[in-house]
Amino acid sequence: MDNNNPLSPHIQIYRWHISSLVSISHRITGIVNISAITIICFWIFSLLSGESNYELTKIFLQSIFGKFIIICLTWSFSFQILSEIRHLVMDLGYGFELKTTKITGLLVIFGSIFFTILFYLLGRNFI
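Residues 933 to 1059 in the working numbering are what the sequence shown spells out, letter by letter.
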């Protein structure tokens, strides 16, 4: 009954791969995005319920913490979209080679950072 054998893969010999990081991050950003969509719906409701109610939301979004939240959510949505495109291509039967999975994983990570910076710079010019 008492089994002292290590679990497979054992934590001391397991090496992280880009695909593991992208997969775990994809799941986490999915949960974050569902929560964010719920909050965005409440923000829209505050806009529809009158200007005085929306002022609190506007003050929050213009604060440093609010801008940080917006940037994080922009990254989260960008990461999720690029990761979904990667999964769609894999569902079509392409991109299963180790080299290809590394490249597409890095494209998802760096592409989401690129799009976040791009959206930030574009948004700054419109405000």
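Virtual Cβ for every residue (Gly too), placed ideally from N, Cα, C. A quick note: this is a predicted structure, and the numbers were derived from the prediction, not measured.
- Cβ neighbours of Trp1007 within its own chain (closer than 6 Å, five residues either side excluded): Ser1044 and Thr1048.
- When the beta-carbon positions are compared, Phe1011 and Ser957 come within less than 8 Å of each other.
- When the Cα atoms are used, Leu1020 and Ser955 turn out to be separated by approximately 14 Å.
- Here Ser951 is near Thr1033, since their CB atoms are less than 8 Å apart.
- Just measuring C-alpha positions, the residue of Arg947, Gly962 and Leu988 sitting nearest Ile1013 is Gly962.
- Using a Cβ distance threshold of 8 Å, Ile1002 and Leu988 do not count as a contacting pair.
- Its Cα nearest to that of Gly1055, the residue Lys999 stands out among Leu1024, Met1022, Trp948 and Lys999.
- In the assembly as shown, Thr970 is an exposed residue. Its beta-carbon has fewer than 16 other beta-carbons within 10 Å.
- Following the DSSP letters along the chain, one finds Phe977 inside the alpha helix (DSSP H) bounded by residues Ile950 to Leu980.
- By the CB criterion at 8 Å, Ser995 and Asn985 fall outside the cutoff.
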